[in-house]
Every structure is written in structure tokens, then in C-alpha cells.
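Enquirer: Before I ask anything, let me first share the structure, which is written out below as C-alpha cells.
There are 2 protein chains.
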Amino acid sequence: MESCPTGRHDHHNVYEAGCPCRSLLDLLANKWTALAIGALEDGPMRFGALKQLLGGVSPKMLAQTLRRLEASDLVSRTVYPAVPAHVEYALTDLGRSVAEPLRGLRVWVEHHLDDVLGPDRPRDEVLQPQK
Amino acid sequence: MESCPTGRHDHHNVYEAGCPCRSLLDLLANKWTALAIGALEDGPMRFGALKQLLGGVSPKMLAQTLRRLEASDLVSRTVYPAVPAHVEYALTDLGRSVAEPLRGLRVWVEHHLDDVLGPDRPRDEVLQPQK
DNA sequence: CAGAATCCAATACGATACTG
DNA sequence: CAGTATCGTATTGGATTCTG
Chain L
163 MESCPTGRHD HHNVYEAGCP CRSLLDLLAN KWTALAIGAL EDGPMRFGAL KQLLGGVSPK
223 MLAQTLRRLE ASDLVSRTVY PAVPAHVEYA LTDLGRSVAE PLRGLRVWVE HHLDDVLGPD
283 RPRDEVLQPQ K
Chain E
163 MESCPTGRHD HHNVYEAGCP CRSLLDLLAN KWTALAIGAL EDGPMRFGAL KQLLGGVSPK
223 MLAQTLRRLE ASDLVSRTVY PAVPAHVEYA LTDLGRSVAE PLRGLRVWVE HHLDDVLGPD
283 RPRDEVLQPQ K
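Same order as they appear, the protein sequences are chains L and E. If you use the working numbering, the first sequence corresponds to residues 163 to 293, in order. If you use the working numbering, the second sequence corresponds to residues 163 to 293, in order.
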């Protein structure tokens with residue numbers, strides 16, 4: 163890394179065991195991250211609105227997901243002093259940039275679900291949580 | 163769904179709680195899936211080679227990941243009768259199609275890790291497994 | 001409203017040892 | 001070689017309740 167003349171080193175490798183890339187990939191490869199980022203693509207949203215949009219998410223996991231994304235500077239959190247509380251989440255520039263590949267994933271999933279399932283495949287025996 | 167005249171219904175929505183899309187997204191949003199699929203992009207690989215390439219993966223998780231991908235028809239498994247055993251994994255057509263968005267993710271991660279980390283951010287206090 | 005706190009179940013994951 | 005079996009830990013995730 164020190165031999166890099168530019169001072170930058172994009173020579174990260176997700177296939178390397180110890181690389182911090184792994185942690186970042188894990189953050190994105192999470193049950194709610196792709197959905198949360200995607201939800202914010204159309205503009206800032208409040209906690210409650212996110213909770214409704216991400217069907218089935220518990221307040222706990224949503225909060226945890228958002229806090230992680232905030233810590234990684236992918237999402238910003240703005241509190242508007244008021245009663246009752248009003249908090250808005252929005253994508254940062256970095257967040258907008260990761261939104262693209264994540265959208266690619268979501269689109270693929272919605273587009274190819276039928277291919278994965280069948281069409282003549284037993285829908286309930288594929289994709290079930292691993293056992 | 164029954165009202166769809168074509169018999170097909172690409173109207174899946176990952177934001178819906180009950181949609182099977184969710185399970186598929188979970189399959190892809192897994193610690194090893196993106197790496198395994200990416201590894202196979204350059205051609206078939208054997209179990210041992212995959213294990214070496216995916217730094218740090220345990221045989222258990224690698225086998226589990228591969229079995230899931232096989233069940234979803236993203237990866238094929240071919241056994242060459244020989245002693246010692248010889249097994250090759252390869253992407254299916256469907257697997258090749260999902261490889262693209264996944265590559266997008268890996269590339270983004272490697273490319274933007276430095277942005278997430280800092281450049282003047284305490285590398286060890288961000289991205290740590292959530293606490 | 002936006003979450004924090006708590007409790008608990010299910011799962012993911014790793015290390016290791018073992019087998020056809 | 002290519003896994004499986006077993007064990008133990010860590011993390012995920014949901015349900016619920018509570019508070020500023």
C-alpha cells in the first residue's frame with residue numbers, strides 16, 4: 163500500500179480474508195440494507211414511513227440498519243425539533259452511488275423470481291430458509 | 163395474479179412482506195453468495211479451489227452456500243467419478259445473469275471502501291460487526 | 001413519532017474432527 | 001478430494017413494552 167505513488171490504493175480485494183472490504187460487503191449483503199437504500203432513492207423519508215414501506219421490518223432492525231448506514235456515511239439522519247419528534251433519513255452522495263448496484267440486485271430479483279422458482283418447480287421447497 | 167392475461171406475472175415486489183422475492187433477496191444478500199458467484203464467473207471451479215479463493219470460508223458454509231445456489235438453479239454441480247472425488251461447480255445461465263449485478267456490488271465495495279472509511283475516519287470504529 | 005430496552009427464538013457462522 | 005457431523009458462539013431478527 164505504501165508503494166502506491168498516488169497515495170490512493172484501490173487495490174482492495176473482497177476475496178482476501180482480512181480485507182475491510184468484507185465488512186463493507188457484509189453491511190450491504192444484509193436483509194434490510196438493499197431495501198432501505200432503495201426506499202430512500204426517491205427522496206428523504208421518515209422512520210415511520212420507512213417502517214411501513216419495508217413490509218414486516220421490526221423497529222429494532224430498522225433502527226439498527228439505519229444506524230449502521232449512518233455510521234458508514236451512506237445515509238444521513240436529520241432531527242427536526244418538534245413534538246412529536248420528526249426525523250428524516252436521506253441518502254448521502256455515497257449512498258446514492260451505492261444505490262445503483264443495489265437497485266440492480268432488486269430488479270434482478272423481481273425479474274427472475276419466476277425463473278428461480280420454476281415455472282414447474284415446487285415453490286415451497288426452494289428458497290426456504292436453509293435447513 | 164390470476165387476472166394476469168399472460169399467465170406470467172412479473173409484478174413481484176421486494177417491498178412486500180410475504181413475497182417470495184424476499185427469500186431470493188436473502189439468498190443473494192448473504193456473506194458468501196456474492197463471492198461464490200463471482201468466483202465462478204471465469205469458469206467452473208472445484209470445491210477446494212473455491213475454498214482457497216474465498217479466503218476464510220469454512221467447508222461447512224461453503225457447502226451450504228453452494229447447495230442453496232444449486233437448489234435455486236444458479237449453480238450446477240457435476241461429479242466426475244474418480245478417486246479421489248472430483249466435483250465441479252459452474253454457473254448456470256441464470257447464475258450468469260445474476261453475476262452481473264453482484265459484480266456491480268463487489269466492484270463498488272472495492273472502489274469505495276476508502277470513501278466509507280475516511281479518509282480521516284477511524285477505520286476500526288466504523289464497519290465493525292454491529293454492536 | 002421515533003426509537004430504546006428487554007426477552008427470546010432461529011439462524012449464521014466458524015473450528016474441528018471425521019468419512020467415502 | 002469433497003464434503004458431513006458436531007459443537008459452540010455470535011448475530012440476526014421478531015414481539016412486545018416503554019418513554020421523551
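Heads up, the beta-carbon is just placed ideally off N, CA and C, and yes, glycines get one too.
(1) Who are the neighbours of K213 (chain L) on chain E, taking C-beta pairs under 9 Å?
(2) Specify the secondary structure class of H173 (chain L) as computed by DSSP and reduced to three states.
(3) Strictly below 7 Å CB to CB, what residues from chain E border A233 (chain L)?
(4) Does A252 (chain L) have its Cβ less than 8 Å from a Cβ in chain E?
(5) Tell me V249 (chain L)'s beta-bridge partners as DSSP assigns them.
(6) Residues in the same chain with beta-carbon distance under 8 Å from A191 (chain E), minus the five sequence neighbours each way, listed in chain order, please.
(7) Could you check how far apart the C-beta atoms of S234 (chain E) and A252 (chain E) are, in whole angstroms? I think they sit under 8 Å.
(8) Should H274 (chain L) go down as buried or exposed, given a rule of 16 or more other Cβ atoms within 10 Å for buried?
(9) Tell me which residues share the same chain as H248 (chain E) and place their Cβ nearer than 6 Å to its Cβ, disregarding the 5 neighbours each side in the sequence.
(10) Going by DSSP, which residues form a beta bridge with R208 (chain L)?
(11) Beta-carbon of D277 (chain L) versus every beta-carbon of chain E: anything under 8 Å?
(12) Taking Cβ-Cβ distances shorter than 8 Å, what residues in chain L pair up with S259 (chain E)?
(13) Would you say V249 (chain L) lies against chain E (beta-carbon separation less than 8 Å)?
(14) For a test of the three-state rule: what should DSSP assign to C183 (chain L), helix, strand or coil?
(15) Once DSSP output is grouped into helix, strand and coil, what is the label at S259 (chain E)?
(16) Would you say G210 (chain E) lies against chain L (beta-carbon separation less than 8 Å)?
(17) Assuming the contact rule is C-beta atoms closer than 8 Å, G257 (chain L) and L236 (chain L) should be a hit. Round their C-beta distance to whole Å, please.
(18) Closer than 7 Å by beta-carbon distance: list the chain L residues that pair up with D188 (chain E), in chain order.
(19) So with Cβ pairs under 8 Å, would you call S185 (chain L) a contact of chain E?
(20) Under 8 Å Cβ to Cβ from C181 (chain L), same chain only, skipping five residues before and after it: list those, please.
(21) Would you identify the three-state DSSP class for G123 (chain L), choosing helix, strand or coil?
(22) For D277 (chain L) and D276 (chain E), what's the separation of their Cα atoms in angstroms?
(23) To the nearest angstrom, report how far apart S185 (chain E) and K222 (chain E) are at their CA atoms.
(24) DSSP three-state call for W270 (chain L): helix, strand or coil?
(25) Compute the Euclidean distance between the alpha carbons of E272 (chain L) and T240 (chain E), then round it to the nearest angstrom.
(26) Does the separation of the CB atoms of I199 (chain L) and A244 (chain L) fall below 8 Å?
(27) With DSSP collapsed to three states, give me the class of L289 (chain E).
Expert: Considering the structure as presented:
(1) Chain E residues near K213 (chain L): none, gap ~12 Å exceeds 9 Å.
(2) coil
(3) V288
(4) no
(5) L:V241
(6) none
(7) S234 (chain E) to A252 (chain E), Cβ: 14 Å. No contact.
(8) buried
(9) Y242
(10) L:E250
(11) yes
(12) W270, H274
(13) no
(14) helix
(15) helix
(16) no
(17) 4 Å
(18) K193
(19) yes
(20) H174, N175
(21) Residue 123 (chain L) cannot be examined here, being either before or after the span of chain L that is shown, 163 to 293.
(22) 37 Å
(23) 21 Å
(24) helix
(25) 29 Å
(26) no
(27) coil
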